[in-house]
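Here is the structure we will look at.
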Amino acid sequence: MDLHPASKFTFEQLTNAYNETRVDYLVPMPMNVARLMEYCRVYDVSLEHSCVAVEGDVMLGLGMLGVRQGRGWITRLGVLPAGRRKGTGSALMEGLIGAAQDEGLDMMWLEVIKGNDPAYQLFQKYGFKETRELIVARRAPKTQFNQEVFDKVKRITTLNHEDAIILLAHREERPNWLNETESQQNVRNLSALLVELKNGGRGWVTYHAGLLQLTRLIVEVTVGDPVEVTEAILTVLHQRHRRQDSIAENLCEDQTWLGFQKAGYFDSFRRIEMKRPL
Ligand SMILES: CC(C)(COP(=O)(O)OP(=O)(O)OC[C@H]1O[C@@H](n2cnc3c(N)ncnc32)[C@H](O)[C@@H]1OP(=O)(O)O)[C@@H](O)C(=O)NCCC(=O)NCCS
């Protein structure tokens with residue numbers, strides 16, 4: 018088996034191989050070529066630093082590496098079901114760690130879906146340690162809203178993409194790779210709402226409004242009770258976007274999450290974030 022840089026392959030070949038590695042995955046996540054290209058662009062995936070394992074002319078598996086100032090991020094790692102437990106996953110990990118070392122990065126990050134024991138064991142074997150658990154939450158559209166929550170709101174300010182990026186750049190909490198300002202900057206047309214409550218509470222939400230779905234939601238409470246302010250911000254948001262369902266990725270289990278739940282979000286699945294110094 019040989020390792021090659023992913024840049025030697027077309028996006029079509031990479032997408033096909035990726036989909037084959039995920040046929041039996043815990044949370045089905047098939048990709049198409051356009052989505053994989055978008056994924057690589059938004060998350061700064063470097064195909065030169067990403068690896069494909071090949072035997073003859075058969076692709077056995079692949080792993081990708083995002084690269085940002087001193088940091089690397091392992092993603093899309095997978096081996097085709099028929100070729101597992103023969104050392105391919107290990108070879109890909111060694112290729113990715115080697116590429117990160119050659120690039121002079123200090124720290125590597127990744128996430129693994131909670132319950133994916135083979136991948137968790139593999140990452141532990143390569144020195145990755147858990148940092149935190151992250152929640153992927155969803156919400157169905159609703160037509161009814163709690164008037165009591167609106168009665169608490171004093172002022173709503175709508176902001177554009179540039180303002181949203183400024184808010185994100187000044188966050189208190191350490192964001193996960195998916196939610197880092199670098200990722201959000203690469204997304205086009207983010208929107209934001211600043212919400213102030215009559216009791217002095219305030220905070221904001223940044224998001225991307227698609228036709229059918231709100232994505233890339235990030236909430237920060239700057240003043241006041243995190244549960245109350247989060248619920249108010251999200252109620253205002255969803256009243257403005259009644260038709261879309263919503264997905265909020267990689268939330269921490271904290272007071273803000275309680276506010277998300279009060280606004281109708283439920284826990285879809287969880288990821289374990291892990292890191293390893295280089
Ligand atoms: C996780 C995955 C990449 C491992 O690939 P692989 O080629 O089977 O891995 P290897 O043969 O190199 O095994 C290396 C280590 O992984 C762990 N591992 C692999 N399969 C395992 C299993 N079924 N149960 C427990 N540990 C397992 C072990 O620690 C193993 O070391 P060991 O052989 O000394 O026990 C593969 O199972 C896969 O593609 N799964 C589906 C996609 C996926 O989960 N990707 C990760 C997303 S975060």
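According to the working numbering, the stretch in the sequence shown is residues 18 to 295, in order. All C-beta atoms, glycine included, are put in the ideal place defined by N, C-alpha and C. Keep in mind it's a predicted model, so treat the numbers as computed, not measured.
Strand pairing of residue i, partner residues [DSSP]
| i | result |
| --- | --- |
| G95 | L79 |
| C68 | P22, G80 |
| D284 | A154 |
| Q202 | Its beta-bridge partners do not exist; DSSP assigns none. |
| A209 | L176, T223 |
| S107 | Beta-bridge pairing links S107 to no other residue. |
| I289 | V129, E150 |
Nearest-angstrom Cβ-Cβ length linking residue i and residue j, presumed shorter than 8 Å
| i | j | result |
| --- | --- | --- |
| R155 | Y282 | 7 Å |
| T105 | V166 | 52 Å between Cβ atoms; not a contact. |
| V204 | V59 | 6 Å |
Cβ-based burial, residue i [other Cβ within 10 Å; buried from 16]
| i | result |
| --- | --- |
| A23 | buried |
| N267 | buried |
| Q261 | buried |
| M124 | exposed |
| N206 | exposed |
| T175 | exposed |
| D61 | buried |
| V240 | exposed |
| T223 | buried |
Under the three-state DSSP convention, the category residue i falls into
| i | result |
| --- | --- |
| R102 | coil |
| Y267 | Residue 267 is actually Asn in this sequence, not Tyr. In the structure shown, N267 sits in a strand (DSSP, three-state: E or B). |
| R260 | coil |
| R58 | helix |
| G89 | strand |
| V44 | coil |
| E147 | strand |
| K142 | helix |
| P243 | helix |
| P294 | strand |
| L234 | strand |
| L214 | strand |
Host beta strand (DSSP E) of residue i (start-end)
| i | result |
| --- | --- |
| G220 | 219-226 |
| L126 | One point to set straight first is that residue 126 is Trp, not Leu, in the sequence displayed. Counting along the chain, the beta strand (DSSP E) containing W126 begins and ends at 124-130. |
Boundaries of the alpha helix (DSSP H) in which residue i is found, first to last residue
| i | result |
| --- | --- |
| V166 | 164-168 |
| E37 | 28-38 |
| T273 | 272-279 |
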